[in-house]
Amino acid sequence: MQWLQALRMAIKSISGNKMRSSLTMLGIIIGVSAVIIMASLVQGTTRQITERLQSMGTNMINVNIIGRGSTRTVTDADLFQFQQNNSAIIEAVAPVLNGNVTIKFGNRNISTNIEGTNEAYETVRNTKVQEGRFINALDVERRQKVVLIGSYIANELFGGLSPIGQEIKLNGDLFTVAGVLEVKSNSSAQSTDDKVIIPYTTAKRLLRNAAIRNFYIQAKTPDKVDDAMTVLQEFLYRIFNSNDAYRVFNQADMLDSINETTRTMTMMLGGIAGISLLVGGIGIMNIMLVSVTERTREIGIRKAIGAKRKSILGQFLIEAIVVSCMGGILGIIAGIAASSLIGKAMQIQAETSALIITISFGFSVLVGVFFGWYPANKASKLNAIEALRVE
Amino acid sequence: MIKIEDIYKTYKMGLTEVHALNGVSIEVEEKEFVAIAGPSGSGKSTLMNIIGCLDTPTSGKYFLDGKDVSRLKEDELSEIRNKKIGFIFQGFNLLPKLTALENVELPLIYLGIRGKERHRLAMEALEGVGLGDRIRHKPSELSGGQQQRVAIARALSTKPAIILADEPTGSLDSKTGAEIMKMLKDLNQSGKTIILITHDTGIASQAARMINIYDGKVLKESGVA
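Same order as they appear, the protein sequences are chains R and U. 395 is the number of the first residue of the first sequence in my numbering; add one for each residue after it. 571 is the number of the first residue of the second sequence in my numbering; add one for each residue after it.
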């Protein structure tokens with residue numbers, strides 16, 4: 395018997411029993427849409443976290459010098475030498491001197507965080523200016539008294555006016571505003587927008603602190619991050635003769651561990667969703683068994699006029715598969731719609747990948763085959779004479 | 571065409587054995603019109619099932635067109651039923667959800683005939699029984715006589731040599747019953763072998779030959795072989 399014919403028969407028999415068919419489908423619809431909702435939301439969340447991490451700068455390694463067990467520190471000359479020696483691996487190095495500072499403009503005072511760094515900070519930390527210019531190599535070399543202000547500071551001190559070229563006092567020293575940093579969070583106090591940046595050479599004097607306790611390294615490419623880690627560890631060990639004097643934070647490792655967590659989450663949620671698909675499959679089997687019993691006489695007639703076992707098996711199996719496929723398709727539509735709705739409510743950009751659609755659809759077909767087989771096989775084995783006798 | 575040699579059929583019902591057929595031997599020639607008559611419980615239904623290849627005998631041989639079919643497997647019997655035997659039942663046995671045309675097409679589907687050719691053959695069979703204008707009707711929308719005519723068209727659609735009619739007039743009034751009998755006689759005239767199973771000797775006597783079954787044995791034969 396041709397497949398197309400069997401398919402037509404199946405659709406006829408399904409549409410002849412709409413209420414029952416749609417209730418049977420419901421199990422699969424819920425299962426498939428659950429899989430899609432879970433996967434889309436987890437994927438969306440992962441994407442958001444990844445993007446936020448990457449906005450801090452790509453291929454980045456952060457070093458914090460604790461100084462335990464050693465009196466030495468890293469100097470800017472050390473860092474310069476380190477970068478020169480490994481120019482094939484390392485794109486840029488940005489030292490950071492941290493401190494607190496009081497800003498005065500006119501009669502307004504603000505206390506804020508200050509970072510002394512160099513021109514490489516712009517790319518390494520992926521920090522851009524929305525107005526004006528970033529500090530450059532010349533500013534660093536000549537210890538220029540220029541300052542970049544965060545958007546919170548700009549709003550607080552200047553309101554709607556352009557701060558570029560204005561002079562403000564940092565701990566009493568006069569600095570010229572060279573640029574305003576792009577908004578990184580929400581322009582509020584204590585956020586990453588509540589800070590100022592000056593050349594580190596200038597910062598050394600302002601903060602009366604020459605020790606570099608913190609610096610950022612950018613590897614040339616993502617696959618060079620591991621190499622960069624190796625040379626960095628060697629470099630630091632040579633200086634401190636100890637592993638405890640510093641802490642290295644690798645963005646790639648961080649990303650890996652986040653991905654690992656979300657993978658586990660996907661598996662767990664997917665497993666739960668899979669169970670509901672399984673329950674849907676059992677529903678199909680249940681209904682198919684009832685249907686075989688109800689249609690015993692039909693099976694008898696079909697056999698009497700020449701249907702072979704495989705024709706009957708095919709007919710019932712295809713019926714089960716059609717039900718599960720339709721359930722699968724409806725489940726995919728429902729899942730996509732629901733995940734974008736839930737995503738909006740939870741402020742997550744839900745992401746439904748073609749892969750997850752394919753997998754969940756394939757799974758629903760498999761459920762149809764698996765749970766349709768037993769009833770279909772039972773139907774095909776009915777004895778024609780006995781089946782014809784049933785009223 | 572049909573040659574049955576010393577057939578026995580035994581059923582087990584619980585612990586007791588029921589001997590439905592006790593050494594039946596029958597021969598039916600091509601283009602014959604034979605009636606197999608007997609009261610209920612005589613074994614005539616069991617005999618019909620075996621002749622119709624729905625069942626196989628416990629012992630004995632059954633040659634159909636010279637081929638022993640008494641030991642064939644289920645699917646092989648299905649194929650023979652499909653190609654060589656057309657069934658007409660007392661209760662019509664049409665599929666209620668299909669139209670007249672779809673019911674007639676069913677054996678052709680199992681024969682593997684496709685689209686247009688299948689439609690043509692089914693239409694031909696339905697027109698042959700005078701129902702060319704009722705093809706879109708479901709069985710429930712047709713009278714008993716019309717339903718039985720659809721069943722006859724279904725039996726004829728694969729152009730089998732043998733028509734096996736099991737109490738074909740049993741659920742019809744005498745007038746429509748007579749029409750169906752007329753139709754069977756006409757089919758016999760046009761070259762089909764007809765085997766009619768009935769408990770009604772009045773109906774059976776309309777056949778050219780009558781075989782009486784009683785207690786699983788051939789009681790007597792009348793008419794010329």
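The C-beta atom is built at its ideal place from N, Cα and C for all residues, glycine as well. Predicted, not measured: the structure shown is a model, and the values here were computed from it.
Open item on the list: So, at 6 angstroms on beta carbons, what are the nonlocal neighbours of Ala795/U in its own chain, with the 5 sequence-adjacent residues on each side left out?
Closed with: With a pLDDT of only 46 at Ala795/U, under 50, the local geometry of the prediction cannot be trusted, and no value is derived from it.
Open item on the list: Could you check whether Ala670/U and Met780/U sit closer than 7 angstroms to each other, using their CB atoms as the reference points?
Closed with: Against a cut-off of 7 angstroms, the Cβ pair of Ala670/U and Met780/U comes out as no contact.
- [ ] Would you please state the rounded distance, in angstroms, between the beta carbons of Asn771/R and Leu707/R? I believe it to be under 8 angstroms.
- [x] 6 angstroms
Task: Lys813/R versus Asp472/R - alpha carbon distance - done: Not covered by the structure: residue 813/R. The range shown for chain R is 395 to 785.
Open item on the list: I'd like to confirm the pairing. Which residues does DSSP put opposite Val642/R in its beta bridges?
Closed with: Val457/R
Open item on the list: Is there a C-beta anywhere in chain U that falls below 7 angstroms from the one on Gly410/R?
Closed with: Contact with chain U is found for Gly410/R, since one of that chain's Cβ atoms lies less than 7 angstroms from the residue's Cβ.
- [ ] Report the rounded CA-to-CA distance for Lys578/R versus Lys614/R, giving the unit in angstroms.
- [x] 24 angstroms
TODO: Report the residue from Asn479/R, Ile460/R, Asn520/R whose alpha carbon sits nearest the alpha carbon of Gly451/R.
DONE: Closest option to Gly451/R, Cα to Cα, is Asn520/R.
Open item on the list: Please report whether the beta-carbon of Asp645/U lies at a distance below 7 angstroms from any beta-carbon of chain R.
Closed with: Using a Cβ-Cβ cut-off of 7 angstroms, Asp645/U counts as an interface residue toward chain R, since at least one Cβ of chain R sits closer than that to its own.
- [ ] Tell whether a beta-carbon distance below 7 angstroms holds between Ile612/R and Ala482/R.
- [x] The amino acid at residue 612/R is misidentified as Ile; the sequence shows Gln. Contact check for Gln612/R against Ala482/R fails: the beta carbons are separated by 7 angstroms or more.
TODO: Quick one: grab the DSSP three-state call for Pro616/R.
DONE: helix
Task: Nearest-angstrom beta carbon gap, Ile497/R and Ile547/R [assumed within contact, 8 angstroms] - done: Indeed they touch by this definition, with Cβ atoms about 7 angstroms apart.
Task: Distance, Met661/R Cα to Asn673/U Cα - done: 50 angstroms
TODO: Could you work out which residues of chain U lie near Ala773/R, taking near to mean beta carbons separated by less than 7 angstroms?
DONE: Simply none; closest approach about 14 angstroms.
- [ ] Count the CB pairs spanning the stretch 648–664 of chain U and the stretch 695–702 of chain R that are closer than 8 angstroms, and state whether there are at least three.
- [x] yes
- [ ] Closer than 7 angstroms by C-beta to Met403/R: which residues in its own chain qualify, once you throw out the five before and the five after it? Chain order, please.
- [x] Excluding sequence positions up to five before and after Met403/R, its CB lies within less than 7 angstroms of the CB of Gln709, all in the same chain and listed in chain order.
TODO: Note the first and the last residue of the continuous alpha helix (DSSP H) segment covering Asn479/R.
DONE: 470–479
Open item on the list: What residue range does the beta strand (DSSP E) around His769/U cover?
Closed with: No beta strand (DSSP E) holds His769/U; DSSP gives it neither H nor E.
Open item on the list: Can you confirm whether Ala770/R, when its beta carbon is compared against all beta carbons of chain U, has any partner nearer than 7 angstroms?
Closed with: no
Open item on the list: Taking the alpha carbon of Gly664/R as the reference point, which residue from Ala428/R, Ser581/R, Asn456/R, Gln743/R has its own alpha carbon closest?
Closed with: Ala428/R
Task: Environment of Lys745/U [buried if 16+ CB atoms lie within 10 Å] - done: exposed
Task: According to DSSP, residues forming a beta bridge with Pro489/R - done: Here Pro489/R is bridged, per DSSP, to Phe609/R.
- [ ] Go through its chain and collect everything with a Cβ distance to Lys790/U's Cβ below 7 angstroms, but skip five positions before and after it.
- [x] Asn782
Task: Rounded separation between Ile669/R and Gly425/R - CA only - done: 8 angstroms
- [ ] Count the other CB atoms, across all protein chains shown, that sit within 10 Å of the CB of Asp625/U; report buried if there are 16 or more and exposed otherwise.
- [x] buried
Open item on the list: Taking the alpha carbon of Leu676/U as the reference point, which residue from Gly675/R, Gln399/R, Glu516/R has its own alpha carbon closest?
Closed with: Gln399/R
Open item on the list: Taking its Cβ as the centre, do 16 or more other Cβ atoms sit within 10 Å of Met432/R, making it buried, or is it exposed?
Closed with: buried
- [ ] Look up Thr746/R in the DSSP assignment and say whether it is helix, strand or coil.
- [x] coil
- [ ] Can you tell me which of Arg651/U, Asp635/U, Lys582/U, Gly630/U puts its alpha carbon nearest to the alpha carbon of Arg641/U?
- [x] Gly630/U
Task: Where Ile751/R sits in the DSSP three-state scheme - done: helix
TODO: Please name the residue in Leu585/U, Glu587/U, Ala695/U whose C-alpha comes closest to that of Leu678/U.
DONE: Ala695/U
TODO: State yes or no: is the C-beta of Ile577/U within less than 7 angstroms of the C-beta of Pro627/U?
DONE: yes
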